[in-house]
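S.K.: Heads up, the sequence shown is in UniProt numbering, so the first residue is 1 and it goes up one at a time.
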Amino acid sequence: MKRVTITGAAGLLGPYVVQHFVEQGYDVLSTDIKKPEKPLSRFMFADLNNLGECYDVLESADAVIHLAAIPAAYMFPNDVTFRNNTVAAYNILEAAAGRGIKKAVIASSECIYGVVTTRKGLTPAYVPMDEEHPILPEDAYSLSKICSEAISDTMYRRKGMQVVSFRLGNVISKEKYLNFPNFIHNPKERFMILWSYIDARDIATACRLAIEKDGLGSVKLNLAADETSMDITTGELLKAEFPTVTDIRCPVDGYHTLLSNEKAKKVLGWKPVHHWRDNVPKV
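#1: For the candidate residues K34, E59 and E227, whose alpha-carbon lies nearest to that of L258?
#2: Which value, in whole angstroms, describes the spacing of the CA atoms of C111 and Y26?
#3: In or out: D220 buried (at least 16 other Cβ within 10 Å) or exposed?
#4: At a cut of 8 Å, does the segment 37-57 reach the segment 203-212 through at least three beta carbon pairs?
#5: Should the segment 102-116 be called in touch with the segment 133-150, which here means at least 3 C-beta pairs below 8 Å?
#6: So, with DSSP's three-state summary, where would you put F82?
#7: Using only the alpha-carbon positions, how far apart do A140 and A73 sit?
#8: Measuring straight from C-alpha to C-alpha, what distance separates H119 and G100?
#9: Take the Cβ of R201 as the centre, count every other Cβ of all protein chains shown within 10 Å, and call the residue buried at 16 or more, exposed below.
#10: For a test of the three-state rule: what should DSSP assign to M44, helix, strand or coil?
#11: Take every Cβ of the segment 233-252, pair it with every Cβ of the segment 114-131, and state whether three or more of those distances are shorter than 8 Å.
#12: As an exercise, report each continuous beta strand (DSSP E) stretch of at least 3 residues that is fully enclosed by the segment 83-141, in chain order.
#13: Would you check if the distance between the CB atom of L93 and the CB atom of M155 is smaller than 8 Å?
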């Protein structure tokens, strides 16, 4: 399996995924509605809200990595976000099924658990949050990701297509590490994302492992670094911002992540290797 189409190539995450697959010897066609800043592979403009264009970008592909989406809640009117993200996910997986493609990866989000974008003060039911945590979102972006995962389940039932849905924590590019000194000592910063993060390069590796492994069905996996993005211990963070959360399901010593990545490690043999302390000047 050496021919891969990667959508969302001009976004925050896309260039890292494209570069990784190219470096690993894959024949990559990247696609987006705008041109990437750097040409890393063959590229084709495509609007994924058009099913025919999805068929076009998947011609001859063995697998698809679907990253394209409006990337956050409240950037656009709710109906725009929901329609764009849901239709694009349906179209790319429908076209993949029509092309006979048997493996796909889609970018879902930690937002589906509801805590990240809550406006009603929702707190975690337990920590670390794993893939069995209740899904209680309030916003259209998170709802679109739930629908994308449901579409993935449908394609697996209908066509036997393996689809790995990555529930991504806060995606950090190399440039974004420059922001860390501004917040790592303040527990009120980033508490709604449970202080999670995941390096874009580690996501790229997970995407490759997901299409290289067989027999996964339609599976949902959290991707997060092993530690929080803070220079405050996890226990102190919980006491400061989530004192009512008492269901703590594993030891959270030191800077242990509160968005569990254990299932991804077990299923894919994946491990995050890029850590903020190695990328940020000592503070």
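Virtual Cβ for every residue (Gly too), placed ideally from N, Cα, C.
M.R.: In terms of the structure at hand:
#1: Mapped onto the sequence shown, residue 258 falls at position 258. It is E227 whose Cα lies nearest to the Cα of L258.
#2: Your numbering for residue 111 matches position 111 in the sequence shown. Your numbering for residue 26 matches position 26 in the sequence shown. When rounded, the distance between both Cα atoms is 31 Å.
#3: Here residue 220 corresponds to residue number 220 of the sequence shown, with the count starting at 1. Note on identity: in this sequence residue 220 is Lys, with Asp being the wrong assignment. Under this definition K220 is a buried residue.
#4: no
#5: yes
#6: For the purposes of this step, residue 82 is taken as residue 82 along the sequence shown, with counting starting at 1. Reduced to three states, the DSSP call for F82 is helix.
#7: Taking the sequence shown and counting its residues from 1, one reaches residue 140 at position 140. Taking the sequence shown and counting its residues from 1, one reaches residue 73 at position 73. When rounded, the distance between both Cα atoms is 7 Å.
#8: The residue you call residue 119 lines up with position 119 of the sequence shown. The residue you call residue 100 lines up with position 100 of the sequence shown. It should be noted that the sequence gives Arg, not His, for residue 119. Cα-Cα distance, rounded: 42 Å.
#9: In the sequence shown, counting from the first residue as 1, residue 201 sits at position 201. Its Cβ being crowded by 16 or more others within 10 Å, R201 is buried.
#10: As a position in the sequence shown, residue 44 is number 44, starting the count at 1. Looking at M44 - three-state DSSP - the assignment turns out to be strand.
#11: yes
#12: 103-109
#13: Working through the sequence shown from its first residue, we reach residue 93 at position 93. Working through the sequence shown from its first residue, we reach residue 155 at position 155. In this structure, M155 lies closer than 8 Å to L93 by Cβ.
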